[in-house]
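Report on the structure given below.
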Amino acid sequence: MKKLLLKSASAESEIYIERGMLENAPALCAGRFPGRRAHIVTDSNVAPLFLKKITELFEGAGFSASSSVLEAGETSKNLNSVSRLYEDFSKARLTRADLAVALGGGVIGDTAGFAAATYLRGINLCQIPTTLLAQVDSSVGGKCGVDLKQGKNLVGAFYQPHIVVIDPDVLKTLPEKFFCDGMAEVIKYGFIADGDILNSLSAELSGEALLDIIFRCVEIKRNIVEKDERDLSVRMLLNFGHTIGHAIEKLGSYAKFSHGQSVALGMKAALKAGIALNVTKKDSLALLNDLLRRYGLNTDTPYKASEIAEAVSSDKKIFSKTISFILIRTPGEALIYNLSLQSLEQLIYEIFREDF
Ligand code: GLY
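Those letters in the sequence shown? Residues 9 to 364, per our numbering, in order.
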């Protein structure tokens, strides 16, 4: 069994990564937490696949198990869902000794994580990610939160899950497009920290190869979060592709382009920006395009430079006039490049031309 410990100023996260690991999650929780009530939070896509099984496993491990099923999709990532979870936690009579279990992708991890972080000022939290994107990125590192109508992720917390159980075999139930979406984040890890990941990405990944790739991505994230839990320095590298990616996601009303697809286009834009600034090696772009195509990710955007520039500058998370933009020197090596919003807008006009 592969295990990583993430030790931050606020808590210690135990991260288990192994095929078939889902079955062991309740026993791990029974060993770590004193309480015997487990409330499982999941969504309408995941519930038919795993809720019955996981409930029985928690009951078998001595828990009294209850659950909430949210509507699948980004529109559930809001304060109404959090409020509903508080009610359900309360009905389940959870105490701080008990636990919330987030069983799902990024939306469930973020929403249930935030509810767990704030209910009774913090109850125990187990993350069981069921998408590749959540397994390699969002379930680890403690960022959780929900969207406001003013923008994405505007309310949230840093709250480390006490246990994360990553079972690559649950990904077999995923439609292909979700898998490809997660590959964008895998490619991100390769570009920011480990060029070898990029070399190991064949079109068909065996179960063991995928396990190794997930482990390596989580290990990179663990190392970064241990240095900078609060996103003040090196953690910003994880935002490679996200500044312009978020703008593309927003322009498509969070429906036309998935998060991974948007990040894929954002990474391409960031490489082009780096080449224009003489920071990025030119052949990085061909490598990225090749990898994106290999996983069915689009390399073209229908948006004009003016639309993207407007969406970037109206991002409610950009409160200052300076942006920490993430550039790549060479695959495996990233840097934080501070530039003014105005310079970024100019770069966007240079990047998003006919030949993007
Ligand atoms: N998903 C980026 C981070 O956790 O910082």
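Even glycine gets a Cβ: it sits at the ideal position worked out from N, Cα and C. Remember, predicted model here, so these are calculated numbers, not experimental data.
### Task
Tell me whether Lys-157 sits in a helix, a strand or coil according to DSSP, three-state version.
Here the question's residue 157 lines up with position 149 in the sequence shown. Of the three classes helix, strand and coil, the one that applies to Lys-157 here is coil, per DSSP.
#### Entry: First through last residue of the alpha helix (DSSP H) which encompasses Ser-314
The residue labelled residue 314 in the question sits at position 306 within the sequence shown. Here the alpha helix (DSSP H) through Ser-314 covers 313-321.
### Query
Any idea which residues DSSP pairs Arg-45 with across the strands?
Position 37 of the sequence shown, counted from the start, is the residue given in the question as residue 45. DSSP lists Ser-72 as partners of Arg-45.
### Query
Can we say the stretch 247-264 touches the stretch 300-315, given the rule of at least three CB pairs closer than 8 angstroms?
yes
### Message
Within 10 Å of its beta-carbon, does Met-9 have 16 or more other beta-carbons around it, so buried, or fewer, so exposed?
### Response
Numbered from its first residue, the sequence shown carries residue 9 at position 1. Classified as exposed, Met-9 has fewer than 16 neighbouring CB atoms from the shown chains inside 10 Å of its CB.
### Message
Along the chain, where does the alpha helix (DSSP H) containing Lys-280 start, and where does it finish?
### Response
Looking up residue 280 in the sequence shown gives position 272. It spans 267-284 - the alpha helix (DSSP H) in which Lys-280 sits, taken as one unbroken run.
### Query
Residues in its own chain within less than 6 angstroms of Arg-302 by CB, not counting five upstream and five downstream?
On the sequence shown, residue 302 is found 294 positions in, with the first residue counted as 1. So the list reads Ala-211, once near-sequence residues are dropped.
#### Entry: Cβ shell of Gln-135 (< 6 angstroms), same chain only, five flanking positions each side left out
The residue you call residue 135 lines up with position 127 of the sequence shown. Excluding positions up to five away in sequence, the list reads Ala-110, Gly-117, Ser-147, Pro-169, Val-172.
### Task
Over the uninterrupted alpha helix (DSSP H) stretch that includes Thr-307, give me the two end residues.
Translated into the one-based positions of the sequence shown, residue 307 becomes position 299. Note, Thr-307: premise wrong, no alpha helix (DSSP H); not H, not E.
### Nearest candidate by alpha-carbon position, reference Ala-38, set Leu-59, Glu-20, Ala-69, Asp-51
As a first step, residue 38 is located in the sequence shown; it is residue number 30 there, counting from the start. The shortest C-alpha separation from Ala-38 is found at Ala-69.
### Task
Please indicate yes or no: does the CB of Arg-243 lie closer than 7 angstroms to some heavy atom of the ligand GLY?
Residue 243 sits at position 235 when you count from the first residue of the sequence shown. Yes, the beta carbon of Arg-243 sits closer than 7 angstroms to at least one heavy atom of the ligand GLY.
### Query
In its own chain, which residues sit with a C-beta less than 7 angstroms from the C-beta of Leu-343, not counting the 5 before and 5 after it?
Within the sequence shown, numbered from 1, the residue matching residue 343 stands at position 335. Within the same chain, Leu-343 has close Cβ partners Leu-335, Arg-337.
### Task
Excluding the 5 residues preceding and the 5 following Leu-140 in the sequence, name in chain order all residues of the same chain whose CB lies nearer than 8 angstroms to its CB.
To locate residue 140, count along the sequence shown from 1; it is residue 132. Answer for Leu-140: Leu-179, Leu-182, Phe-186, Phe-187, Asp-189, Gly-190, Met-191, Glu-193, Val-194, Ile-222, listed in chain order.
### Task
For the alpha helix (DSSP H) holding Gly-114, just list the boundary residues, first then last.
Taking the sequence shown and counting its residues from 1, the one referred to as residue 114 is at position 106. Its alpha helix (DSSP H) spans residues 114-126.
#### Entry: Where Val-226 sits in the DSSP three-state scheme
In the sequence shown, counting from the first residue as 1, residue 226 sits at position 218. Three-state result, Val-226: helix.
### Task
Measure the C-alpha to C-alpha separation of Phe-166 and Ser-16 and round it to an integer number of angstroms.
Stepping through the sequence shown from its first residue, residue 166 is reached at position 158. Stepping through the sequence shown from its first residue, residue 16 is reached at position 8. Looking at the two C-alpha atoms, the distance is approximately 11 angstroms.
### Query
Is Asp-291 near the ligand GLY, with its Cβ less than 7 angstroms from a heavy atom?
Within the sequence shown, numbered from 1, the residue matching residue 291 stands at position 283. It does not: the Cβ of Asp-291 is nowhere closer than 7 angstroms to a heavy atom of the ligand GLY.
### Query
Does the Cβ of Gly-268 lie closer than 7 angstroms to at least one heavy atom of the ligand GLY?
Looking up residue 268 in the sequence shown gives position 260. No - the ligand GLY has no heavy atom lying nearer than 7 angstroms to the Cβ of Gly-268.
### Query
Say the cut is 7 angstroms; is the CB of Leu-246 nearer than that to a heavy atom of the ligand GLY?
Here residue 246 is taken as the residue at index 238 of the sequence shown, counted from 1. The answer is yes for Leu-246.
### Query
Does the ligand GLY have even one heavy atom less than 7 angstroms from the beta-carbon of Gly-149?
Sequence index remark: in the sequence shown, residue 149 carries index 141 (1-based). Yes, since a heavy atom of the ligand GLY falls inside the 7 angstroms radius drawn around the Cβ of Gly-149.
### Query
Quick one: does the C-beta of Ser-332 sit closer than 7 angstroms to a heavy atom of the ligand ADP?
This structure does not include the ligand ADP; its bound ligands are the ligand GLY.
### Query
Is Tyr-262 helix, strand or coil when you go by DSSP?
Counted from its first residue, the sequence shown places residue 262 at position 254. Three-state DSSP puts Tyr-262 in coil, outside helix and strand.
### Query
Between the Cα of Phe-199 and the Cα atoms of Ser-214, Gly-159, Phe-122, Pro-339, which residue gives the shortest distance?
Translated into positions along the sequence shown, residue 199 becomes position 191. Per the C-alpha coordinates, the member of Ser-214, Gly-159, Phe-122, Pro-339 positioned closest to Phe-199 is Pro-339.
#### Entry: Near the ligand GLY: Ser-328 beta-carbon under 7 angstroms from a heavy atom
As a position in the sequence shown, residue 328 is number 320, starting the count at 1. No - the ligand GLY has no heavy atom lying nearer than 7 angstroms to the Cβ of Ser-328.
### Task
Specify the secondary structure class of Asn-346 as computed by DSSP and reduced to three states.
Mapped onto the sequence shown, residue 346 falls at position 338. Of the three classes helix, strand and coil, the one that applies to Asn-346 here is strand, per DSSP.
#### Entry: Inter-residue Cα distance where the pair is Arg-44 and Lys-61
Here residue 44 is taken as the residue at index 36 of the sequence shown, counted from 1. Here residue 61 is taken as the residue at index 53 of the sequence shown, counted from 1. Cα to Cα, the separation comes out at about 18 angstroms.
### Task
Look at the Cβ atom of Arg-92, then the Cβ atom of Ser-74, and state whether they are nearer than 8 angstroms.
Along the sequence shown, one-based indexing puts residue 92 at 84. Along the sequence shown, one-based indexing puts residue 74 at 66. Not closer than 8 angstroms, so no.
### Task
Just the C-alpha distance for Ala-124 and Ile-131, rounded to the nearest angstrom, thanks.
As a first step, residue 124 must be located in the sequence shown, where it is residue number 116. As a first step, residue 131 must be located in the sequence shown, where it is residue number 123. So the two alpha carbons sit approximately 5 angstroms from each other.
### Task
Could you please give the first and the last residue of the uninterrupted alpha helix (DSSP H) stretch that includes Ser-21?
As a position in the sequence shown, residue 21 is number 13, starting the count at 1. Here Ser-21 belongs to no alpha helix (DSSP H); instead the beta strand (DSSP E) covers 20-25.
#### Entry: Proximity to Ile-25 [Cα-Cα], best of Asp-220, Gly-81, Val-163, Ala-55
Taking the sequence shown and counting its residues from 1, the one referred to as residue 25 is at position 17. It is Asp-220 whose Cα lies nearest to the Cα of Ile-25.
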